[in-house]
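First comes the structure, then the notes that go with it.
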Amino acid sequence: MAPSTAGYDVDAIRADFPILHRTVRDGQRLVYLDSGATSQKPRQVLDAEREFYERHNAAVHRGAHQLAEEATDAYESARARIAAFIGAADDEVVFTKNTTEAINLVAYAMSNATTAGPEAARFRVGAGDEIVVTEMEHHANLVPWQQLCQRTGATLRWFGVTEDGRLDLSHADELLTGRTTLLAVTQQSNVLGTINPVAELAARAHAVGALVLVDAAQSVPHLPVDVTALGADFLAFSGHKMLGPSGVGVLWSRRELLATMPPFLTGGSMIETVRMDASTFAAPPQRFEAGVPMTAQAVGLAAAVDYLTGLGMERVFAHERALTGYALERLGAIPGVRIIGPRDTVDRGGAVSFLVDGIHAHDVGQVLDDSGVAVRVGHHCAWPLHRRYGAEASARASFYLYNDLTDVDALVAGIERARTFFGVA
Amino acid sequence: MAPSTAGYDVDAIRADFPILHRTVRDGQRLVYLDSGATSQKPRQVLDAEREFYERHNAAVHRGAHQLAEEATDAYESARARIAAFIGAADDEVVFTKNTTEAINLVAYAMSNATTAGPEAARFRVGAGDEIVVTEMEHHANLVPWQQLCQRTGATLRWFGVTEDGRLDLSHADELLTGRTTLLAVTQQSNVLGTINPVAELAARAHAVGALVLVDAAQSVPHLPVDVTALGADFLAFSGHKMLGPSGVGVLWSRRELLATMPPFLTGGSMIETVRMDASTFAAPPQRFEAGVPMTAQAVGLAAAVDYLTGLGMERVFAHERALTGYALERLGAIPGVRIIGPRDTVDRGGAVSFLVDGIHAHDVGQVLDDSGVAVRVGHHCAWPLHRRYGAEASARASFYLYNDLTDVDALVAGIERARTFFGVA
Amino acid sequence: MRLDSLYQEIILDHYRNPHGRGLREPYDAEAHHVNPTCGDEVTLRVRLDGDVVVDVSYEGMGCSISQASTSVMHDLVVGRTVAQASTLQEEFLHLMHSRGEGEPDEDVLEDAVAFAGVSKYPARVKCALLGWMAWKDATAQAVAGGAG
Amino acid sequence: MRLDSLYQEIILDHYRNPHGRGLREPYDAEAHHVNPTCGDEVTLRVRLDGDVVVDVSYEGMGCSISQASTSVMHDLVVGRTVAQASTLQEEFLHLMHSRGEGEPDEDVLEDAVAFAGVSKYPARVKCALLGWMAWKDATAQAVAGGAG
Ligand SMILES: Cc1ncc(COP(=O)(O)O)c(C=O)c1O
Ligand SMILES: Cc1ncc(COP(=O)(O)O)c(C=O)c1O
Chain A
1 MAPSTAGYDV DAIRADFPIL HRTVRDGQRL VYLDSGATSQ KPRQVLDAER
51 EFYERHNAAV HRGAHQLAEE ATDAYESARA RIAAFIGAAD DEVVFTKNTT
101 EAINLVAYAM SNATTAGPEA ARFRVGAGDE IVVTEMEHHA NLVPWQQLCQ
151 RTGATLRWFG VTEDGRLDLS HADELLTGRT TLLAVTQQSN VLGTINPVAE
201 LAARAHAVGA LVLVDAAQSV PHLPVDVTAL GADFLAFSGH KMLGPSGVGV
251 LWSRRELLAT MPPFLTGGSM IETVRMDAST FAAPPQRFEA GVPMTAQAVG
301 LAAAVDYLTG LGMERVFAHE RALTGYALER LGAIPGVRII GPRDTVDRGG
351 AVSFLVDGIH AHDVGQVLDD SGVAVRVGHH CAWPLHRRYG AEASARASFY
401 LYNDLTDVDA LVAGIERART FFGVA
Chain B
426 MAPSTAGYDV DAIRADFPIL HRTVRDGQRL VYLDSGATSQ KPRQVLDAER
476 EFYERHNAAV HRGAHQLAEE ATDAYESARA RIAAFIGAAD DEVVFTKNTT
526 EAINLVAYAM SNATTAGPEA ARFRVGAGDE IVVTEMEHHA NLVPWQQLCQ
576 RTGATLRWFG VTEDGRLDLS HADELLTGRT TLLAVTQQSN VLGTINPVAE
626 LAARAHAVGA LVLVDAAQSV PHLPVDVTAL GADFLAFSGH KMLGPSGVGV
676 LWSRRELLAT MPPFLTGGSM IETVRMDAST FAAPPQRFEA GVPMTAQAVG
726 LAAAVDYLTG LGMERVFAHE RALTGYALER LGAIPGVRII GPRDTVDRGG
776 AVSFLVDGIH AHDVGQVLDD SGVAVRVGHH CAWPLHRRYG AEASARASFY
826 LYNDLTDVDA LVAGIERART FFGVA
Chain C
851 MRLDSLYQEI ILDHYRNPHG RGLREPYDAE AHHVNPTCGD EVTLRVRLDG
901 DVVVDVSYEG MGCSISQAST SVMHDLVVGR TVAQASTLQE EFLHLMHSRG
951 EGEPDEDVLE DAVAFAGVSK YPARVKCALL GWMAWKDATA QAVAGGAG
Chain D
999 MRLDSLYQEI ILDHYRNPHG RGLREPYDAE AHHVNPTCGD EVTLRVRLDG
1049 DVVVDVSYEG MGCSISQAST SVMHDLVVGR TVAQASTLQE EFLHLMHSRG
1099 EGEPDEDVLE DAVAFAGVSK YPARVKCALL GWMAWKDATA QAVAGGAG
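Protein chains in written order, with the working numbering: chain A, 1 to 425; chain B, 426 to 850; chain C, 851 to 998; chain D, 999 to 1146.
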């Protein structure tokens, strides 16, 4: 049985999000179905940031005065709460500016391992080694690995996807071999909505001695994630997709890996000693946080995590599943609408990408926008995946905890309007 | 004659900064003299950020709906205003998370040039090439170059400093040679307060064909900076030190350099086309802004720039000079106080670092904190410079537009109290 | 109504029945342009005779706005000198960046005036410019090639 | 008064007249620790006889808190077994992380109880721990070396 959404009060939740009460395009109600790109922020998050700036703002880990103490406490408390949210230890959480930086951090640390000491040997990659990704990756979990291969001479390989939007695991044994240095895979596709069997993949990758990086940009915001259960080595996600501020993201990794991984960005606060000719580096997580960090944003993200925890991620997930099921059913009933991705809610989150026969996605999106419905159009930073399905572009509705069934109804009405307008109805 | 500060109303300015009205350590007035680490934020900046989140928040450059349009406009308008503030063209401004990332961006782009196409030739660096820095650099403008040298086999060389806190230019001809690929120099020292002759240095570096990167983290917030007059190739600064939010910084560079410089972080929004096996990249500035950016923070930084422009940077500089002159005079009169850095206000900004005979800087800072005066203690991320002056640590008072003469008086009183407390008076 | 002012009949007509579509021989230069956010692409060939544009042929996939705009451009530039066509291209660019404030001259831009409404939607401006930018690129190559 | 509760007389006494200061021979292991934010450093040597700490000698630069804390540590651990001294080290660590809420046992920690006030100032906790951490490190090496 699906988790219950009893007591989940979507109206009360919506009341916390100021932007949802504005109108667009001459007085239309805003129907925000683009949370896959970025989520909206509740008052609680905005208040936490502002309170930090108005009361406690100072550079962290650098000062001895009272404000510096308070700011450092706020920052480290944020780290602890975010770590707890994903079942991790405090010192395993590194703040980055977004998922993209978190993934690049690992990719650059791996190329830096070439000129680092012997303790970094397990991060080294070169000719003959392979990095394995999938065809459903967001560009953020594809291009950094292409670049790592270009820098080091390693080879990029990938899992394909099936017609119905799942990872094609039939060649897993050929892909994951003794040559595999790292498997990078998304936990939830931002286009298909597919939730991948990451724990199983991680076990298979570990069996051949590979490291495993999970792109959790679309999973941590939407479902309960426990890094221990997942069995991954690295996990990356963004604050802005989970009710938090822009400008903050997270790289999680195991303590023993962070302890030997070479630094990426270098500068203040990540050093142990500095001389003109050479430097040594601090212990993690500081080693990976060069410069004055996004303190207020970390504080805001911790408030977002508190908000999500207050609702309960099981219930958030159940709520989105209910919306997704309803959307799949209603969209499926519109003639000429083709859904890209699984057509049921099994192992699936709330990103619903679709094509409308005879109308380009841009034009579908335009009519929806004119009706107050905000969806994403294009390739959603997953261009190879779109090519795989023979689509240059699609429209994507993505749901979050503040959406309700009337939002789905508005989406359906907007698509019908587009079909009429472009004469394909 | 120094620019006039007539009509500069510091009380009115202070009224804009909520945090300056709080108390610390059981009711002491907060005397914030740590703006060199991070500045406080006026209401106007906090309001701009909040207004963005409550009205216009969306992912920029990715959506076609009304919020996405508004968010993109807000982001690009922020870029344009920030560019204008430093006399640059819009498309020459790249948003980063801080100065540190901006400098690392250039350092990594230079090592990426090794495996990039022929258009990137001028960024290549290898054995036999030299990177030149100075002994007064912040770790953020030193360690990334040490690392670049480690990755590529290039050699790091540096300008020393004189006893009175100036760059020692007497060996310039030996340091800047045909082997120099890049000169990286700070415009204003965060420890000494020294303002370096950057335009002159840039001209000399250009004469031998080197690129010039200017660390403007301590100059753009405090004095009028015009990138054209400066003649540099790269300029880096942080929003949080100039009334802006944390989590946003800027890399400026010439259009023609950005056009051929290889990318650094890769992922969404910085690509032109992506296939599984290879990608091509967008034109600058997008090429250097992978992932969903710190949009709200860019908007906040633009509001900060508007605030600074409203006051006039000439007047901000004159105000700080007046404070610095007064501080140098009063501190110089305390027995046993030694100032590290120039003792007059010629080519000097408002960072005043000092030692007190017989009291460790930490202990000086502690007594000041206990008196409500927030200063920085330690090596201020300029460890080699401290070693140069035989100090393991110093205390630093740094002034900004909201400080006044009574703040300097409080500093002096606090130092006297420390001397009495530790029995060295 | 907002949608009607964006999707004027002229646009929808060109979208349904594009003029000059298809890739033809002979040609002097070819350009391939993409819109990186949505994946729309166009391949476009230019044929000059002296300084006169004698053919523009193209193929591609894209939304109504990009398809129609390329079709309208075809009609506007074919038969004109490169200088005249370049002026038109600049006029059109100017209109597209006018944010709905432009007052296009129908005697100059002909059917392209229908795109005035597009300029109110920044995300669609790139669609309307896709073909024009490819034309500019290909023409510059053709001119350089002819001179060389 | 806040300052007096931080800088107790015992601390200032040890700061002015540190006990056991200087680097001495013979020793079994040496550790060099730095505080990366302020540049304070200590070089510390440990001499064991069986499982008894017979000497701790040190040199370094630092603030009153780090200097005094190392001096107090010297008095506490010299003459104790490694096991006893390690327990003291843990007790002290615990006190330092107590945020002013710790109730240290003077019979156990002796002069080190004077540092209770330091635990209210997180930025100074690292100062108070500098010498202790170097001791822990050097002792671990000495024990490992003796066993090997
Ligand atoms: C001169 C100088 N350069 C670079 C930096 C680094 O700035 P951030 O920590 O914001 O990256 C600072 C401040 O910390 C600085 O004062
Ligand atoms: C699956 C996935 N991975 C990575 C990213 C990149 O996240 P960001 O742009 O916040 O770095 C996104 C969202 O854009 C995403 O959906």
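Virtual Cβ for every residue (Gly too), placed ideally from N, Cα, C. Please read all numbers here as calculations on a predicted model, not as lab measurements.
{"Check": "Chain-ordered residues of the segment 804-828 of chain B with a beta carbon less than 8 Å from chain D", "Outcome": "His804, Trp808, His811, Glu817, Ala818"}
{"Check": "Where the beta strand (DSSP E) containing leucine 431 of chain A begins and where it ends", "Outcome": "In the structure displayed, chain A extends from 1 to 425; residue 431 of chain A sits before or after that span and is not available."}
{"Check": "Proximity test, aspartate 640 of chain B beta-carbon vs ligand 1 heavy atom, cut-off 6 Å", "Outcome": "yes"}
{"Check": "Cβ of aspartate 357 of chain A within 7 Å of any chain C Cβ", "Outcome": "no"}
{"Check": "Enclosing alpha helix (DSSP H) for phenylalanine 1090 of chain D [first to last residue]", "Outcome": "1080-1094"}
{"Check": "Min CB distance glycine 998 of chain C to chain B below 7 Å", "Outcome": "No answer about glycine 998 of chain C holds up, because its pLDDT of 46 lies below 50 and its placement is not dependable."}
{"Check": "Under the three-state DSSP convention, the category phenylalanine 520 of chain B falls into", "Outcome": "strand"}
{"Check": "Contained alpha helix (DSSP H) runs [length at least 4] in the segment 98-134 of chain A, N- to C-terminal order", "Outcome": "99-112"}
{"Check": "Within-7 Å CB hit, histidine 563 of chain B to chain D", "Outcome": "no"}
{"Check": "Expected contact under 8 Å - CB spacing of alanine 635 of chain B and threonine 606 of chain B to nearest Å", "Outcome": "6 Å"}
{"Check": "Closer than 6 Å: glycine 496 of chain B CB and nearest ligand 2 heavy atom", "Outcome": "According to the sequence provided, residue 496 of chain B is alanine. The question's glycine does not apply to it. Every heavy atom of ligand 2 is 6 Å or more from the Cβ of alanine 496 of chain B, so no."}
{"Check": "Serine 595 of chain B: CB within 6 Å of a non-hydrogen atom of ligand 2", "Outcome": "no"}
{"Check": "Tyrosine 478 of chain B, enclosing beta strand (DSSP E) - first and last residue", "Outcome": "Counting along the chain, tyrosine 478 of chain B falls outside any beta strand (DSSP E), and DSSP gives it neither H nor E."}
{"Check": "N-terminal and C-terminal residue of the beta strand (DSSP E) that histidine 1030 of chain D is part of", "Outcome": "1027-1032"}
{"Check": "Proximity below 7 Å, CB of glycine 952 of chain C to CB of alanine 964 of chain C", "Outcome": "no"}
{"Check": "beta-carbon serine 663 of chain B near ligand 1 non-hydrogen atom, thresh 6 Å", "Outcome": "yes"}
{"Check": "Near-chain B residues of the segment 1065-1077 of chain D (beta-carbon distance less than 7 Å), N- to C-terminal order", "Outcome": "none"}
{"Check": "Cβ neighbour criterion (16 or more within 10 Å) applied to histidine 1030 of chain D", "Outcome": "exposed"}
{"Check": "Beta-carbon neighbours of valine 792 of chain B, restricted to chain D and to distances below 7 Å", "Outcome": "Leu1001"}
{"Check": "Rounded C-alpha distance that separates proline 3 of chain A from aspartate 459 of chain B", "Outcome": "With a pLDDT of only 49 at proline 3 of chain A, under the threshold of 50, the placement of this residue in the model should not be trusted; the figure read from the coordinates follows. Computed Cα separation, rounded: 51 Å."}
{"Check": "Nearest neighbour of asparagine 190 of chain A, chosen from A:Gly423, A:Thr420, A:Phe399 [CA to CA]", "Outcome": "A:Phe399"}
{"Check": "Aspartate 34 of chain A at chain C interface by Cβ criterion, 7 Å", "Outcome": "no"}
{"Check": "Pair within 7 Å by beta-carbon distance, threonine 691 of chain B and proline 263 of chain A", "Outcome": "no"}
{"Check": "For glutamine 469 of chain B and proline 443 of chain B, the rounded distance between their alpha carbons", "Outcome": "11 Å"}
{"Check": "Rounded distance between the beta-carbons of valine 212 of chain A and aspartate 233 of chain A, thought under 8 Å", "Outcome": "5 Å"}
{"Check": "Backbone secondary structure at threonine 831 of chain B - three-state DSSP", "Outcome": "helix"}
{"Check": "Cross-strand partners of phenylalanine 159 of chain A (DSSP beta bridge)", "Outcome": "A:Thr134"}
{"Check": "Chain C residues whose Cβ lies nearer than 8 Å to that of alanine 489 of chain B", "Outcome": "Tyr971, Ala973, Arg974"}
{"Check": "Check: glycine 349 of chain A C-beta below 6 Å from any heavy atom of ligand 2", "Outcome": "no"}
{"Check": "Contact set for threonine 749 of chain B: own chain, Cβ-Cβ below 8 Å, skip 5 residues either direction", "Outcome": "Gly618, Thr770, Arg773, Gly774, Gly775, Val777, Phe824"}
{"Check": "Interface flag, aspartate 472 of chain B vs chain D, CB-CB below 7 Å", "Outcome": "no"}
{"Check": "Short CB-CB distance (under 7 Å) between glutamate 272 of chain A and chain D", "Outcome": "yes"}
{"Check": "Euclidean distance between Cα positions of glycine 766 of chain B and valine 833 of chain B", "Outcome": "18 Å"}
{"Check": "Own chain residues within Cβ distance below 7 Å of valine 1075 of chain D, not counting five before or after", "Outcome": "Val1051, Val1054, Ala1083, Leu1086, Trp1133"}
{"Check": "For leucine 862 of chain C, three-class secondary structure by DSSP", "Outcome": "helix"}
{"Check": "Under the three-state DSSP convention, the category glutamate 272 of chain A falls into", "Outcome": "strand"}
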